[in-house]
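Under this note's numbering, think of the first position of the sequence shown as 109, with each following residue one higher. Below: the structure, in structure tokens.
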Amino acid sequence: MTADGRRGLTIWVVACALGAGLALLAAGRDWASVTMGGVAGGPASTVPVSGGTLIPVLTPLALAAAASALAVLATRGAWRRVVGAVLALCGAGVAVAAATGASAASGPAAADAAARESALALSGQAVAQAVWPWPAVALAGGVVLALTGLVACVRGGRWAAMSARYDRPGSRREAAASGDRAMWDALDEGVDPTADPVKHDEEK
Numbered sequence: 109m110t111a112d113g114r115r116g117l118t119i120w121v122v123a124c125a126l127g128a129g130l131a132l133l134a135a136g137r138d139w140a141s142v143t144m145g146g147v148a149g150g151p152a153s154t155v156p157v158s159g160g161t162l163i164p165v166l167t168p169l170a171l172a173a174a175a176s177a178l179a180v181l182a183t184r185g186a187w188r189r190v191v192g193a194v195l196a197l198c199g200a201g202v203a204v205a206a207a208t209g210a211s212a213a214s215g216p217a218a219a220d221a222a223a224r225e226s227a228l229a230l231s232g233q234a235v236a237q238a239v240w241p242w243p244a245v246a247l248a249g250g251v252v253l254a255l256t257g258l259v260a261c262v263r264g265g266r267w268a269a270m271s272a273r274y275d276r277p278g279s280r281r282e283a284a285a286s287g288d289r290a291m292w293d294a295l296d297e298g299v300d301p302t303a304d305p306v307k308h309d310e311e312k
């Protein structure tokens with residue numbers, strides 16, 4: 109692989125790690141704060157709601173995107189393009205989930221999630237407020253993952269697979285060792301290993 113190809117692959121790997129990291133980080137942070145009236149006239153309580161709680165598919169999609177990025181490195185040819193398409197779809201799913209969560213953070217869905225999270229029954233009026241900027245961070249991560257998937261589909265054929273990268277030096281050493289053995293065997297038989305094999309056959 110050329111120097112430009114290695115540089116492009118390095119940038120791509122960093123972008124994948126950044127996108128998945130942003131999505132997973134945001135999923136674990138609070139996207140909504142829900143204030144619920146107390147039971148039987150008790151004091152109101154405020155329950156934070158994380159992105160992963162509000163949108164349960166967010167974390168699995170981010171993890172699937174990260175796994176797809178690793179699979180891109182381990183494959184080649186048509187399979188690499190297929191896995192790149194899966195990565196793009198996972199990234200798009202993260203972005204859509206983040207946008208959905210951003211709109212739901214100040215609505216009834218956040219109140220329902222808070223009730224499930226706190227195991228408290230809703231009584232009176234529940235007020236949900238969105239907490240920023242974590243939905244936007246997740247959205248950015250999803251967009252980055254979707255773009256890296258598209259790049260893998262278009263340019264992934266120029267990148268070397270992990271197996272090729274690590275197997276090639278060993279293959280070279282084995283080929284060199286095999287050549288050395290053949291040379292010594294020829295010398296033992298009284299044959300000049302540097303001679304033209306065609307001329308050698310004609311002399312015979």
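By construction, the Cβ of each residue, glycine as well, lies at the ideal position given by its N, Cα and C atoms.
Between A170 and the set V245, G265, W267 and V239, the nearest pair of CA atoms involves V245.
The beta-carbon separation of V252 and L126, rounded to 6 Å, stays under the 8 Å limit for a contact. Between V235 and T154, the C-beta gap is not smaller than 7 Å, which leaves the two residues out of contact. Contact annotation: L130 and A248 have beta-carbon atoms nearer than 7 Å. Fully enclosed beta strand (DSSP E) runs of no fewer than 3 residues are not present anywhere in the segment 171-236.
Taking C-beta separations shorter than 8 Å and ignoring five residues to either side along the sequence, the partners of G215 in its chain run A236, following chain order.
Between A210 and P243 the beta-carbon gap is near 4 Å, inside 8 Å, which marks them as a contact.
Residue pairing by DSSP leaves P243 without any beta bridge partner. Beyond the five residues adjoining it in sequence on each side, V180 comes within less than 7 Å, by CB distance, of R188, V191, G192, L195, A260 and G264 in the same chain, given in chain order. Counting only residues of its own chain and dropping the five nearest sequence neighbours on each side, L197 has no CB closer than 6 Å to any other CB. Under the three-state reduction of DSSP output, T110 falls in the coil class, being neither helix nor strand.
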